[in-house]
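Top line first, the protein sequences correspond to chains A and B.
According to our numbering, the stretch in the first sequence is residues 1 to 115, in order.
According to our numbering, the stretch in the second sequence is residues 116 to 229, in order.
Glycine included, every Cβ here is placed at the ideal spot set by N, Cα and C.
Notes follow the structure.
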Amino acid sequence: GQQLNQSPQSMFIQEGEDVSMNCTSSSIFNTWLWYKQDPGEGPVLLIALYKAGELTSNGRLTAQFGITRKDSFLNISASIPSDVGIYFCAGRFERSNFGNEKLTFGTGTRLTIIP
Amino acid sequence: EPEVTQTPSHQVTQMGQEVILRCVPISNHLYFYWYRQILGQKVEFLVSFYNNEISEKSEIFDDQFSVERPDGSNFTLKIRSTKLEDSAMYFCASSGGRGGYGYTFGSGTRLTVV
């Protein structure tokens, strides 16, 4: 099956630092999504990417869809305490006009901010 | 902002018992999903559902699992005879169609099988 590997597995940073994480896949996707999960909650969508090479920002977050369609990265600038959580990439291969295909999730990156 | 609502938030059940996890998707969405997350692991796809039938299911979704949309608002996941390894967070999601936006997850049901 499809595998999405995220790195790093965990990060310990100080408030105000920039963060970078990435995701690589064994197969191609035509949509890449980045989610954040807080403890005991469901994943919340941060950024969606639809085209190879696309670079998209959402406030302090920037994500890119790799040209090979097998990778993506997420950057967070000037981290703040509420950025703590687990970040998941997810890929989707839309075959139809309906867009109801499953998401394949990455292994997650746990972000911790050291006081 | 529209939400996907899941109940209960936590369910404890004995091995071998049947459980039903309930979800109310966003009202104008047409596609419904169940995912699960074993503690400390990634989120895994179980099943997608559209037009009153299963669109796709994973190898995890064996004969012990079933889904149903019993009325116009609820979407349920039934596990017929629970096993210890079914202990996980179960997330319902719904989407309105193409693209990532509109693919919304609920807060999950933590299922503990003892």
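{"Item": "Counting only C-beta atoms, is A/PHE93 closer than 9 Å to chain B at any point?", "Value": "no"}
{"Item": "Considering Cα atoms alone, identify which of A/GLN9, A/PHE12 and A/THR56 is closest to A/LEU46.", "Value": "A/THR56"}
{"Item": "In the DSSP assignment, find the beta strand (DSSP E) that holds A/SER72 and state where it starts and stops.", "Value": "71 to 76"}
{"Item": "Sort A/GLU94, A/ALA63 and A/THR68 by Cα distance to A/TYR87 and report the nearest one.", "Value": "A/ALA63"}
{"Item": "Using alpha carbons as the reference points, say which of B/HIS125, B/THR227, B/HIS144 and B/GLN152 lies closest to B/ASN189.", "Value": "B/HIS144"}
{"Item": "Under 9 Å, Cβ to Cβ, is there at least one residue of chain B near A/LYS36?", "Value": "no"}
{"Item": "Excluding the five sequence neighbours on either side, which residues of its own chain have a C-beta within less than 8 Å of the C-beta of A/PRO81, listed in chain order?", "Value": "GLU15 and ILE113"}
{"Item": "CB B/ILE141 to CB B/GLY187, shorter than 9 Å?", "Value": "no"}
{"Item": "Exposed or buried, what is B/ARG195 when buried is set at 16 or more other beta-carbons lying within 10 Å of its beta-carbon?", "Value": "exposed"}
{"Item": "Indicate whether B/ALA208 and B/GLY221 have their beta-carbon atoms separated by less than 9 Å.", "Value": "yes"}
{"Item": "Report buried or exposed for A/ALA78, applying the criterion of at least 16 other Cβ atoms within 10 angstroms of its Cβ.", "Value": "exposed"}
{"Item": "Mind checking whether A/LEU111 and A/ILE76 have CB atoms under 9 Å apart?", "Value": "yes"}
{"Item": "Please classify A/GLU101 as buried or exposed, where buried requires at least 16 other C-beta atoms within 10 Å of its C-beta.", "Value": "buried"}
{"Item": "So with CB distances below 9 Å, who are the chain A contacts of B/GLY223?", "Value": "GLY40, GLU41 and GLY42"}
{"Item": "Between the alpha carbons of B/GLU118 and B/THR219, how many angstroms are there, rounded?", "Value": "7 Å"}
{"Item": "Applying the 10 Å Cβ sphere with the 16-neighbour rule, what's the burial state of B/GLN152?", "Value": "buried"}
{"Item": "Take B/TYR148 as the anchor and find which of B/ARG225, B/TYR205, B/VAL229 and B/ASP177 has the nearest alpha-carbon.", "Value": "B/TYR205"}
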